[in-house]
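Chain order of the listed sequences is H and A.
Basically the working numbering = 1-based index in the first sequence + 8.
Basically the working numbering = 1-based index in the second sequence + 1284.
First comes the structure, then the notes that go with it.
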Amino acid sequence: EAGVAQSPRYKIIEKRQSVAFWCNPISGHATLYWYQQILGQGPKLLIQFQNNGVVDDSQLPKDRFSAERLKGVDSTLKIQPAKLEDSAVYLCASSYEWRGANVLTFGAGSRLTVL
Amino acid sequence: KQEVTQIPAALSVPEGENLVLNCSFTDSAIYNLQWFRQDPGKGLTSLLLIQSSQREQTSGRLNASLDKSSGRSTLYIAASQPGDSATYLCAFSTSGSRLTFGEGTQLTVNP
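Take a look at the structure:
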């Protein structure tokens, strides 16, 4: 079974520039998540999709972050304009349900450095 | 708001030692908890999942327990090996969906 694919793995940009990350979840997983992990911290949920609908985006800074999941498969997370504090690893995950719990599989992440 | 604390932040042990990682949470109305492993430069790998109705789960040398009344979970690693070196994160769900993560314990097992 192929895992969760993410690209690019690394990105360095200047503040105020824009950046986009792509995620392809495991085939058949209806739920897709984007997490932000700042160095030394645990991941924080940015947005959760169920198929192509948004389930939870309460922690997404909507003034600069946007995400979409067209056709309910792959997803794109965009940051525009970027700030220094956006430097982090952006993790995508997809999940299946097991005994009422969502079991997540994470991608390797996209590391963003904002200078 | 659910707060998750992991102690210690870092741990270094000699190979073969049994060890315990601790995780505490503030909201007893949890739905389930999960323990993850994160290797440097990689994503998270799910290790164990405990439903709120369960008290523990075991997988190989790993055993995770859940005590809702005290707001604690522990991950026990038996006979540690250098390959166990990684960051271990616990995460709780109060709705079966969103996970709230702790900051992790960075484990180093020395040969």
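The C-beta atom is built at its ideal place from N, Cα and C for all residues, glycine as well.
Shortest Cα-Cα distance from residue 1337/A to any of 1313/A, 1326/A, 1305/A, 1360/A involves 1313/A. Look at residue 29/H: its C-beta is not under 8 Å from any C-beta on chain A. Chain A places no beta carbon closer than 8 Å to that of residue 69/H, leaving this residue out of the contacts. Going by C-alpha positions, residue 1288/A is about 24 Å away from residue 1302/A. Taking C-beta atoms as the reference points, residue 13/H and residue 80/H fail to come closer than 8 Å.
Only those residues of the stretch 1320–1336 of chain A whose C-beta falls short of 7 Å from the nearest C-beta of chain H are listed: 1326, 1327, 1328, 1330, 1333, 1335. Taking a cut-off of 8 Å for Cβ pairs, the stretch 1356–1374 of chain A and the stretch 28–47 of chain H do not touch, as fewer than three such pairs fall below it. Collapsing the DSSP output to three states places residue 1298/A in a strand. Looking at the DSSP output, residue 1357/A bridges to 1307/A, 1350/A.
Taking 8 Å as the threshold, the shortest C-beta distance from residue 73/H to chain A does not fall below it. Residues of chain H with a Cβ closer than 8 Å to the Cβ of residue 1382/A are, in chain order, 53, 56, 64.
The closest CA to that of residue 1329/A, considering only 100/H, 70/H, 73/H, 72/H, is found on 100/H. Going by DSSP, residue 96/H is part of the beta strand (DSSP E) stretching over 96–106. At the C-beta level, residue 1383/A and residue 53/H come within 8 Å of one another.
Burial is judged here by how many other beta carbons sit within 10 angstroms of a residue's own beta carbon; residue 110/H has at least 16 and is buried. Put simply, the CB of residue 107/H is near chain A, with a gap under 8 Å to one of its CB atoms.
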